[in-house]
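Heads up: the sequence shown is residues 179 to 678, going by our numbering.
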Amino acid sequence: MRDSIIPLRQSLDQILRKLLAAGRQGDPVVKTVHPDQRVSAVNLLHYLALRREDLRELQDDLHDAGLSSLASSESHVLRQVQSVLQRLGAKIPAEDISICDDETASRLLGQRTRALFGNKLNPHIPHLMVTFDTALAGDYDAVKDLLLAGMSVARINCAHDGPKQWKRMVAHVRKAARVTARPCKVYLDLAGPKIRTVVLGKGRKKGRMKIGEDELFWLSEPKAKVNEQEKVIGCTLPGVVNSLQAGDRVLFDDGLFESVVVKSGVGRAQLRMLRVSARKPFLKPEKGINFPDSRLDIQCLTDFDRAVLPFAKEHADIVGFSFVQKADDVAELQRLLHRDGGAIPLVLKIETFEAVQNLPDLLLQGMKEPVFGVMIARGDLAVEIGFERLSEVQEEILWICEAAHVPVIWATQVLETLNKSGVATRSELTDAARAGHAECVMLNKGKHLLLVLATLRNILLRSGGHHLKKRYIFRPLAIAEHYFNKTGVKKEGGKKKNTP
179 MRDSIIPLRQ
189 SLDQILRKLL
199 AAGRQGDPVV
209 KTVHPDQRVS
219 AVNLLHYLAL
229 RREDLRELQD
239 DLHDAGLSSL
249 ASSESHVLRQ
259 VQSVLQRLGA
269 KIPAEDISIC
279 DDETASRLLG
289 QRTRALFGNK
299 LNPHIPHLMV
309 TFDTALAGDY
319 DAVKDLLLAG
329 MSVARINCAH
339 DGPKQWKRMV
349 AHVRKAARVT
359 ARPCKVYLDL
369 AGPKIRTVVL
379 GKGRKKGRMK
389 IGEDELFWLS
399 EPKAKVNEQE
409 KVIGCTLPGV
419 VNSLQAGDRV
429 LFDDGLFESV
439 VVKSGVGRAQ
449 LRMLRVSARK
459 PFLKPEKGIN
469 FPDSRLDIQC
479 LTDFDRAVLP
489 FAKEHADIVG
499 FSFVQKADDV
509 AELQRLLHRD
519 GGAIPLVLKI
529 ETFEAVQNLP
539 DLLLQGMKEP
549 VFGVMIARGD
559 LAVEIGFERL
569 SEVQEEILWI
579 CEAAHVPVIW
589 ATQVLETLNK
599 SGVATRSELT
609 DAARAGHAEC
619 VMLNKGKHLL
629 LVLATLRNIL
639 LRSGGHHLKK
649 RYIFRPLAIA
659 EHYFNKTGVK
669 KEGGKKKNTP
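Here you go:
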């Protein structure tokens, strides 16, 4: 046994040195964050250093030795490595033991979750956020019903409606919260850059352009003069087309149409349609455009967003930052929110490949405030990174945010079919259970929100008894109890629990 322990200790000693080096090298950055965030910033650096290594063989060896494999150590990396080393007989001076243990990390995340979203109605499930439809601006009773059904965060999307409707929605939420004695935060999503389609050439009068696979067409500036016999789609955001290069992919309508740039020029680019997955081969106006391979030189914070900020500071509890890409984007919005005194918490929406790549920098910039959050905006993110990579990347975002002790919102298409039709698909029920790994779950607008809230609460209550974040825990299983009851083996001590 001793012979097998020596290589384990040597491997863990190497990891420990790398973690400590990452902490020392990152000290100048750590000193720039809010004092309440410094423990979390250091742990984030430790986790990133840990995840530079291929630990799979070491994890197998640790598991075989009956030790922690470090698989659920995101929130307290250094302390976990030190604990395993101590189990292997290493002597670590008391003053060198990390103060960030599992209990401290859980307390920090809990405090920040409460500061961001308020107190939970049920401590065993995440907060539930509901996206408001225009109709709710004129329907107080419907808003009250949502609170009674479990909504604890009301989301208003500034890409739709206007200040008049938003103000009514906020008033309904505040009144319903008082009447029901159920707390509810108001979350205001900034619209961000509007990157949508305009039909400019052939098909403009019909409001749609027919396009088949392998066909060539043009993408141009939104107000370009074009030949009406050419197939031309305009992009509503000026300047984007000039950033395109040959070989870049361009996707339309939530990825239903995939094309590639054949050649680019000033003000327009020629594209070839590679795939049409829509039922009908028509590109229509106001459909989203994604540029997953292109580095777009655009302002994430638009003039419209800036104009909305005074309303947000007066009426909202949380502001969502759409299309955030770099730490500088976050710094600019933080500066504007602090102007004229006071600030409200930010939520950084991760919805592009660049934002995923820059996630550590975004988190460290967010840490300059005492409280902030992250939203995994899975709709645009899936289009940007590819649907086949979404399950992997959304997990990576959860892990890194857990290392930073940052509350996460799991968003987009949660029980979407149930919300639209009243009947859920099997796959979305499984997906909804995964949402329990986040601190808040966002629902889009739909006709069956009350049913969705009830279903989601039921799913999360059941699945939540089996895990804490990504660490699986063992509550009693009814299947096991049934087996032993049937075979006549009595349970020794404790009370029977009939859990599914």
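Glycine included, C-beta positions come from ideal geometry on N, C-alpha and C.
Given the structure is predicted, the values throughout are model-derived calculations rather than measurements.
Pick out whichever of 496, 498, 489 and 423 has its Cα sitting closest to the Cα of residue 473. 423
According to the Cβ coordinates, are residue 315 and residue 364 closer than 8 Å? Cβ distance not < 8 Å, so residue 315 and residue 364 don't count as in contact.
For residue 349, which of 492, 497 and 452 has the nearest alpha-carbon? 492
Counting pairs of beta carbons, one from the segment 194-210 and one from the segment 239-254, are three or more of them closer than 8 Å? Contact between the segment 194-210 and the segment 239-254 is absent: fewer than three C-beta pairs spanning the two stretches fall below 8 Å.
Determine, using beta carbons only, whether residue 327 and residue 632 come nearer to each other than 8 Å. yes
Tell me whether the beta-carbon of residue 428 lies closer than 8 Å to the beta-carbon of residue 400. no
What is the rounded straight-line gap between the Cα of residue 504 and the Cα of residue 542? 11 Å
Per DSSP, residue 335 forms a beta bridge with which residues? The beta-bridge partner set that DSSP reports for residue 335 consists of 367.
Distance between residue 490 and residue 367 (C-alpha atoms, nearest Å): 9 Å
Below 8 Å between beta carbons: does that hold for residue 553 and residue 508? no
From the DSSP output, in three-state form, read off residue 208 for me. helix
Check whether the segment 614-630 touches the segment 588-606, taking contact to mean three or more Cβ pairs, one atom from each stretch, closer than 8 Å. yes
Please classify residue 264 as buried or exposed, where buried requires at least 16 other C-beta atoms within 10 Å of its C-beta. exposed
With the cut-off set at 8 Å, would you say residue 562 and residue 468 are in Cβ contact? yes
Quick check on DSSP: helix, strand or coil for residue 435? strand
Would you call residue 179 buried or exposed, if buried means 16 or more other Cβ atoms sit within 10 Å of its Cβ? Bear in mind that the predicted position of residue 179 carries a pLDDT of just 49, short of 50, making it unreliable; the figure below should be weighed with that in mind. Flag for residue 179 reads exposed.
7 Å Cβ shell around residue 321 - same chain, five flanking residues per side excluded: 314, 350, 351 and 354
Any chance the segment 184-199 sits against the segment 218-236, with 3 or more Cβ pairs inside 8 Å? yes
When you compare the CB positions of residue 514 and residue 540, do they come within less than 8 Å of one another, or not? The Cβ atoms of residue 514 and residue 540 lie no closer than 8 Å to each other.
Taking DSSP's pairing of strands, which residues face residue 305 in a bridge? 618
To the nearest angstrom, how far is it from the Cα of residue 330 to the Cα of residue 357? 14 Å
Below 8 Å on the Cβ atoms is my guess for residue 214 versus residue 548; work out the distance and round it to an integer in Å. 5 Å
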